[in-house]
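*Asks:* Below you will find the structure I want to go over with you.
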Amino acid sequence: MSQKLTLTTASLLNTTISNVSDAIYYDIQTPEWEPHLTTVRRLEARTGTYEPIARVRNQADKPVAVSMYGGEFEPEEQWVKRIDGIMPGGRWFDDGQGNAFAWSVANGNLEVCNEGVKTKRAIATFYQHKRYFIMGMISQHAYLEIDNSVIESLDVVILSWLIVERKRRAGTLV
């Protein structure tokens, strides 16, 4: 089973990521008056309140530092590490619970696999938006397809995806 999490806009700086029922709901914001800081919040379905998940410090439209759950900022390179030699453009991260994950590009889509499992089946895949006649209105919104086995680590997966996809769009993923 998997969850389809749809992005409301093509922008990574100001968007909402949610499933059909809004049981999973993330709000990503970079205010005009604070372009150096992106905030990721999760909506708690039971209470209806937003819980701050992470902050990303930006410099020249690139992520440079990450803070999870109100902690200290860490350099982005220490949080999402490069996979040298094996996978060009690949990045790996851990969820703080002993699980290691790796992002890579496969078939034009960004995929994450669990590094601790021998089968390299993608547990999350990002599909970019599609447009009418290449530059017209969006015909299909971008979405993340997430396997239910990764729901416990979803905060970390969403944040790592945000960083890796921003690097990919900026052309600095290699």
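In my numbering, the protein residues as written are 784 to 957. Think of the CB as a built atom: it goes at the ideal place given N, C-alpha and C, for glycine as much as any other residue.
For a test of the three-state rule: what should DSSP assign to A806, helix, strand or coil?
*Replies:* Coil, per DSSP.
*Asks:* So, for W862: in the same chain, excluding its five sequence neighbours on each side, which residues have a beta-carbon less than 6 Å away from its beta-carbon?
*Replies:* V849
*Asks:* At a cut of 8 Å, does the segment 938-949 reach the segment 823-839 through at least three beta carbon pairs?
*Replies:* With a cut-off of 8 Å, the segment 823-839 and the segment 938-949 count as touching, because enough Cβ pairs lie within range.
*Asks:* Label Y852 either buried or exposed according to how many other C-beta atoms from any shown protein chain fall within 10 Å of its C-beta, with 16 as the threshold for buried.
*Replies:* exposed
*Asks:* Please name the residue in I929, G891 and N890 whose C-alpha comes closest to that of A907.
*Replies:* I929
*Asks:* DSSP three-state label for I866, please.
*Replies:* coil
*Asks:* Here's a check: name, in chain order, each residue in its chain whose Cβ is nearer than 6 Å to the Cβ of R825, leaving out the five neighbours to either side.
*Replies:* In its chain, beyond the 5 residues on either side, Y809, E834 and I836 have a beta carbon closer than 6 Å to the beta carbon of R825.
*Asks:* Would you identify the three-state DSSP class for R829, choosing helix, strand or coil?
*Replies:* coil
*Asks:* Kindly indicate the opening and closing residues of the alpha helix (DSSP H) around K950.
*Replies:* L937 to A953 is the extent of the alpha helix (DSSP H) around K950.
*Asks:* Any idea if I934 is buried or exposed, counting beta-carbon neighbours within 10 angstroms, 16 or more meaning buried?
*Replies:* exposed
*Asks:* What is the DSSP secondary structure of N797, counted as helix, strand or coil?
*Replies:* coil
*Asks:* Apart from the five residues just before and just after T822, which ones in its own chain have a Cβ nearer than 6 Å to its Cβ?
*Replies:* Q812 and R838
*Asks:* Measuring CB to CB, does M784 end up less than 8 Å from N931?
*Replies:* yes
*Asks:* With DSSP run on the structure shown, which of helix, strand or coil describes N841?
*Replies:* Of the three classes helix, strand and coil, the one that applies to N841 here is strand, per DSSP.
*Asks:* What's the call for S936, buried or exposed, on a 16-neighbour Cβ count within 10 Å?
*Replies:* buried
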